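Peer 1: The working numbering numbers the first residue of the sequence shown as 850 and each following residue consecutively. Would you mind keeping the following structure in view while I ask a few things?
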Amino acid sequence: MKKILVLHGINLNMFGKRDSAQYGTATLQEIDDQMVTLGNQLGYEVECFQTNCEGEMAERIHRAHQEGVAAVVINAGAWTHYSYGISDALAILKAPIVEVHMSNVHAREQFRHHSVFSHVVKGQICGFGVTSYRLGMLAADALLKG
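Here's what the structure looks like:
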């Protein structure tokens, strides 16, 4: 069974506890459960990983390359806007990458309008809350099925 890796970055373990106007009330565990369920329905094994340590994120992406994951869905949080290290790690992957955000990053502070991952992701989905993640999984599935 092909594997899709769902990556959550810095501060995203606080979903359900932080600004509900931007991020809704779903917890990270609830999001992970939804991603696993949807991925399984689509015929994939799904692994979810969250860290607040940039180096741990880069190392998990390196392992994804070694494991040959089929696709990656990533919400890197604030790292999206400045982490060239994570961007470089993502560029190593041969698998399609879909960037997701719960909030509409383009309607927020100016610094959030730019993604340093743009050149390595197939696309970005933002502004739909938890549905952004589900749409990311569906996009990954569509990319894999061509």
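By construction, the Cβ of each residue, glycine as well, lies at the ideal position given by its N, Cα and C atoms. These numbers were taken from a predicted model, which means no experiment stands behind them.
Kindly list the residues whose CB is nearer than 7 Å to the CB of M884, restricted to its own chain and excluding five residues on each side of it in sequence; keep chain order.
Peer 2: If you number the sequence shown from 1, residue 884 lands on position 35. If we look at M884 and ignore the five residues flanking it on each side, its Cβ neighbours are V855, V895, C897, Y982 and M986.
Peer 1: Which of the three DSSP states, helix, strand or coil, is assigned to L877?
Peer 2: Here residue 877 corresponds to residue number 28 of the sequence shown, with the count starting at 1. Reduced to three states, the DSSP call for L877 is helix.
Peer 1: Go through the stretch 909–963 residue by residue and report every complete run of the alpha helix (DSSP H) that reaches 4 residues or more, in order.
Peer 2: You should have 933–941.
Peer 1: In whole angstroms, what separates the C-alpha of G873 from that of R912?
Peer 2: For the purposes of this step, residue 873 is taken as residue 24 along the sequence shown, with counting starting at 1. For the purposes of this step, residue 912 is taken as residue 63 along the sequence shown, with counting starting at 1. C-alpha separation (whole angstroms): 31 Å.
Peer 1: Closest by CA to V979, which one among H963, G995 and I923?
Peer 2: Locating residue 979 in the sequence shown gives position 130, where the first residue counts as 1. Checked all of H963, G995 and I923; the closest Cα to V979 is I923.
Peer 1: Express the C-alpha separation of H968 and F977 in angstroms, rounding to a whole number.
Peer 2: Counted from its first residue, the sequence shown places residue 977 at position 128. Counted from its first residue, the sequence shown places residue 968 at position 119. Near 23 Å, if we compare the C-alpha coordinates of H968 and F977.
Peer 1: Judging by CA-CA distance, which residue of T929, S936 and I941 is the nearest neighbour of V918?
Peer 2: The residue given as residue 918 occupies position 69 in the sequence shown. That would be I941, whose Cα lies nearest to the Cα of V918.
Peer 1: When burial is assigned at 16 or more other CB atoms within 10 Å of the CB, is T886 buried or exposed?
Peer 2: Counting from one through the sequence shown, the residue named residue 886 turns up at place 37. By the 10 Å Cβ count, T886 comes out exposed.
Peer 1: Which residues mark the beginning and the end of the alpha helix (DSSP H) in which V979 is found?
Peer 2: As a first step, residue 979 must be located in the sequence shown, where it is residue number 130. From DSSP, the alpha helix (DSSP H) with V979 extends over V979 to K994.
Peer 1: How is the beta strand (DSSP E) around H857 delimited, first residue to last?
Peer 2: Within the sequence shown, the letter at position 8 stands for residue 857. Run containing H857: K852 to H857, per the beta strand (DSSP E) assignment.
Peer 1: Using a Cβ-Cβ cut-off of 7 Å (strictly less than) and excluding sequence neighbours within five positions of A875, which residues of its own chain qualify?
Peer 2: As a position in the sequence shown, residue 875 is number 26, starting the count at 1. Around A875: F864, G865 and V979.
Peer 1: Taking the continuous beta strand (DSSP E) assigned at C897, which residues delimit it?
Peer 2: In the sequence shown, counting from the first residue as 1, residue 897 sits at position 48. Looking at the DSSP string, the run of the beta strand (DSSP E) that includes C897 is E894 to Q899.
Peer 1: Report the rounded CA-to-CA distance for E903 versus L877, giving the unit in angstroms.
Peer 2: Counting from 1 along the sequence shown, the entry for residue 903 is found at position 54. Counting from 1 along the sequence shown, the entry for residue 877 is found at position 28. Approximately 18 Å between the Cα atoms of the pair.
Peer 1: When burial is assigned at 16 or more other CB atoms within 10 Å of the CB, is E948 buried or exposed?
Peer 2: Position 99 of the sequence shown holds residue 948. Answer is buried; the Cβ neighbour count reaches 16.
Peer 1: In this structure, does DSSP put G888 in helix, strand or coil?
Peer 2: Residue 888 sits at position 39 when you count from the first residue of the sequence shown. In this structure, G888 counts as helix in the three-state DSSP scheme.
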